[in-house]
Ligand SMILES: NC(=O)c1ccc[n+]([C@@H]2O[C@H](COP(=O)([O-])OP(=O)(O)OC[C@H]3O[C@@H](n4cnc5c(N)ncnc54)[C@H](OP(=O)(O)O)[C@@H]3O)[C@@H](O)[C@H]2O)c1
């Protein structure tokens, strides 16, 4: 490492909510429950203080078990952590929001949630089937509810003190503008895919103007091809800065003012990913100007169907 390591502890004060979000976050999109609990335990041990969860991941209880054990052991207190979870597409009708929120909170075994996000702007047919499809396999959307209706129900959670902040995920700049225009409580956070192959500069500029935190998911491109960590611009910086390519990419994310969520089930990588460090300015410029590839790995923003969640066959 060449320079200060303060970056890994940086927190972004929320403008439209209470609290401050650690820029370095751990995502819990891990299909296996035992692996989820173990990975979250390791993440907490190595220093992560920001956990990203979702009703749709089906493993909130395993995340909750890992947090509870850390609280019981006295190694952490609830207020040390920033915990986000998300409302799934089948619960967009306003009357379904509070029950869905309370169910997530119950599974996570926490009294309050720091941030609650609408997982995608797409409402699916309400009900227990999280992936409702017609006979031809097409998603069944719900035309009876608007995103603004759902947003109003999230605002009431903040009014009730049930969560500190609310936000949106998998949203386009156009749809974000629409919600910002009508919101009584503005989004505190927007969670979208972002990495050097999809830097989302225009969205980031809008978020900065509006005091919204841009929280990047898939900051390493979900390890898909073309692999960001194999990009020659990234590997050259890694060599110069004595960092791993993943650390370069994650450091860039935090240093440009976004928060990020990374995920691994491997203890060594979990530790590596927490250890981001400030990059020299020429490295920041090399990534901004020297990488021209444009790749979106997850098409969820266009369909509401999360690309990385395995469907039962
Ligand atoms: N809002 C949404 O719709 C949405 C969508 C997707 C994700 N998310 C959130 O964002 C989180 C992160 O997304 P993501 O999993 O795509 O993030 P990511 O960190 O870009 O990709 C994770 C993948 O990279 C590998 N990896 C992790 N660290 C590495 C390292 N140091 N070197 C090499 N490979 C490494 C992991 O493999 P190993 O496990 O084998 O290490 C895993 O396959 C999710 O857990 C979830 O919380 C949200």
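In this note's numbering, the protein residues as written are 231 to 543. Idealized CB from N, CA, C, for every residue including glycine. The structure displayed is predicted, hence computed values, not measured ones.
C-alpha gap between residue i and residue j, whole angstroms
i           : j           : result
residue 455 : residue 525 : 10 Å
residue 507 : residue 279 : 17 Å
residue 500 : residue 277 : 10 Å
residue 466 : residue 438 : 30 Å
residue 384 : residue 324 : 8 Å
residue 511 : residue 478 : 12 Å
residue 251 : residue 366 : 42 Å
residue 261 : residue 289 : 8 Å
residue 231 : residue 316 : Confidence in residue 231 is poor, its pLDDT being 43 and thus under 50, which makes the residue's placement unreliable; the coordinate value appears in the next sentence. Rounded to whole angstroms, residue 231 to residue 316 spans 35 Å at the Cα level.
residue 469 : residue 475 : 8 Å
residue 450 : residue 334 : 27 Å
residue 513 : residue 485 : 11 Å
residue 332 : residue 519 : 45 Å
residue 233 : residue 509 : Summary for residue 233: the model assigns pLDDT 44, below 50, so the residue's position carries little reliability, and this model does not support an answer.
residue 387 : residue 463 : 44 Å
residue 483 : residue 471 : 16 Å
residue 359 : residue 327 : 16 Å
residue 416 : residue 503 : 31 Å
residue 306 : residue 248 : 20 Å
Among the options, nearest to residue i - alpha-carbon criterion
i           : options               : result
residue 422 : 235, 257 and 249      : 257
residue 349 : 287, 394, 475 and 260 : 287
residue 490 : 335, 317, 443 and 394 : 443
residue 535 : 298, 319, 326 and 295 : 319
residue 445 : 244, 235 and 520      : 244
residue 426 : 458, 388 and 404      : 458
residue 272 : 515, 494 and 416      : 494
residue 295 : 259, 338 and 395      : 338
residue 405 : 351, 380, 419 and 453 : 351
residue 380 : 452, 356 and 360      : 356
residue 344 : 364, 369, 503 and 308 : 308
residue 419 : 330, 411, 328 and 395 : 395
residue 378 : 436, 411 and 539      : 411
Where residue i falls: helix, strand or coil (DSSP)
i           : result
residue 366 : coil
residue 533 : helix
residue 441 : coil
residue 422 : strand
residue 241 : strand
residue 508 : coil
residue 450 : coil
residue 234 : With a pLDDT of 49 at residue 234, under the threshold of 50, the predicted position of this residue should be treated as unreliable, and no value is reported.
residue 346 : strand
residue 313 : strand
residue 428 : strand
residue 516 : helix
residue 341 : coil
residue 282 : strand
residue 319 : helix
residue 288 : coil
residue 306 : coil
Buried versus exposed call for residue i [16 or more other C-beta atoms within 10 Å across all chains shown]
i           : result
residue 441 : exposed
residue 391 : exposed
residue 407 : exposed
residue 496 : exposed
residue 235 : exposed
residue 414 : exposed
residue 505 : buried
residue 346 : buried
Near ligand 2: residue i beta-carbon under 7 Å from a heavy atom
i           : result
residue 339 : Ligands in the displayed structure: ligand 1; ligand 2 is not one of them.
Beta carbon proximity, residue i to chain D, threshold 8 Å
i           : result
residue 322 : Absent from the structure is chain D; it holds one protein chain and no more.
Discussion item. Quick check on the DSSP output: what are the complete beta strand (DSSP E) runs of length 3 or more inside the stretch 243 to 280, in order along the chain?
Written reply: 250 to 252 and 254 to 257
Discussion item. For a minimum of 4 consecutive residues, which ranges assigned as the alpha helix (DSSP H) are wholly contained in the stretch 464 to 492?
Written reply: 475 to 485
Worksheet entry | 3-residue-minimum beta strand (DSSP E) runs that sit fully inside the stretch 351 to 421, ordered along the chain | 393 to 399
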